[in-house]
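S.K.:
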Amino acid sequence: MGSKILVKAPSQIKKIKSILEETNVFDKRRKITRLDGVACLYSSGSMAEMSALLSDFQDAIEVFDDTGTAPVGGLQGAVSDVIGSDSYLLKNLPKKWSLYPPMVLFTGDSFSTPEWDAYFETSGKSKLFEHLSKTFFAGYTHFAVNQPIIESDVMRRPFDLVPIYGDFGPTPDDQKYNNPTQQDFDEAFWCTANQNGIAQEWAPRYTMFSRGNITEKKRNVHKNDFESLKRELQEYFKGNVTHLEKVKTFAPDVWHVVVDVKV
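When you line the sequence shown up against the numbering used here, it's residues 38 to 300, in that order.
#1: To the nearest angstrom, report how far apart residue 168 and residue 148 are at their CA atoms.
#2: In its own chain, which residues sit with a C-beta less than 8 Å from the C-beta of residue 134, not counting the 5 before and 5 after it?
#3: Kindly list the residues whose CB is nearer than 6 Å to the CB of residue 197, restricted to its own chain and excluding five residues on each side of it in sequence; keep chain order.
#4: Evaluate contact between the stretch 196 to 213 and the stretch 113 to 125, counting only Cβ atoms and requiring at least three cross-stretch pairs below 8 Å.
#5: Counting along the chain, where does the alpha helix (DSSP H) carrying residue 134 start and finish?
#6: With a CB to CB cut of under 8 Å and the five nearest residues on each side skipped, what residues in its chain are close to residue 56?
#7: Just grab the DSSP bridge partners of residue 283 for me.
#8: Identify every residue that forms a DSSP beta bridge with residue 42.
#9: Check residue 89 in the structure and name its three-state DSSP category.
#10: Please name the residue in 268, 181, 270, 193 whose C-alpha comes closest to that of residue 246.
#11: May I ask you to list the residues that DSSP assigns as paired with residue 115?
#12: By Cβ distance, which residues of its chain are closer than 6 Å to residue 177, with the 5 residues on each side in sequence left out?
#13: According to DSSP, is residue 215 helix, strand or coil?
#14: Just the Cα atoms here: how many angstroms apart are residue 58 and residue 51?
#15: From residue 11 to residue 215, what does the alpha carbon distance come to, in whole angstroms?
#16: Beta-carbon within less than 7 Å of residue 150's beta-carbon, same chain only, minus the 5 sequence neighbours each way: which residues are those?
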């Protein structure tokens, strides 16, 4: 099953289309449609794959499984399928969340009202989140609420992350934080993000994740590439490389390499 991508920011349509084309998942058979300022692009990739690929645009897009029909009512519609038409509960649904496959991470005030507490107390959470994992958040199996990091904790540990649904592994303690064993790593829940081609994986109950500073992340990932290239060229030209330099271009993150070889 493919996916459909609703782009709410017109300035991002071209960028997103280019990424889909570069990764060979843009469905050229389907025309881009527009309605009320929202564009719909189609992909051959799954909802989970596209959410990860386009994670840098998560505030500008919504991704759905392409079932051949448009999603009706968004998150509110999917929730009302389970809880009915309770206007107060529906009015107090989360407006923002982050997608880190296979986890959906809601902002800190999500599902925190007394009315939501009362609903979960009487009806439980399984039915609602099982439904969401098959519909609006198809492919996502874990749900949690994010809370601010405690400023006094120099290790920036996510003590206040609140799992809502799904198996997040054993509750961390000092032993697991300070001296984790292989068993601790194996039993922990892990999620992922992909930023500009950089794949990242972490255990959200143990480690915070920052979406920022992507430039520095890319620099660290690629910092040894030029040294490796120098070694490969010296081997290829049997030590006859007399000059090698990297020259910046106007294109972001694109460099030219100038090589002088003794003949």
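Where a beta carbon is used, it is the ideal one built from N, C-alpha and C, also for glycine.
M.R.: If we stick to the structure as given:
#1: In a straight line, the C-alpha of residue 168 is about 16 Å away from that of residue 148.
#2: 141, 142, 143, 144, 147
#3: By the criterion of a C-beta distance shorter than 6 Å, residue 197 is surrounded in its chain by 184, once the five residues flanking it on both sides are discounted.
#4: no
#5: Run containing residue 134: none in the alpha helix (DSSP H); it sits in the beta strand (DSSP E), 134 to 137.
#6: 90, 91
#7: 294
#8: 78, 100
#9: In this structure, residue 89 counts as helix in the three-state DSSP scheme.
#10: 193
#11: For residue 115, which the question treats as bridged, DSSP gives no partner whatsoever.
#12: Spatial neighbours of residue 177 in its own chain (CB-CB distance under 6 Å, excluding positions within 5 residues in sequence) are listed in chain order as 139, 141, 170.
#13: helix
#14: Taking the straight line joining both Cα atoms gives about 10 Å.
#15: Absent from the model: residue 11. The displayed extent of the chain is 38 to 300, so no value can be given.
#16: These residues qualify, in order along the chain: 129.
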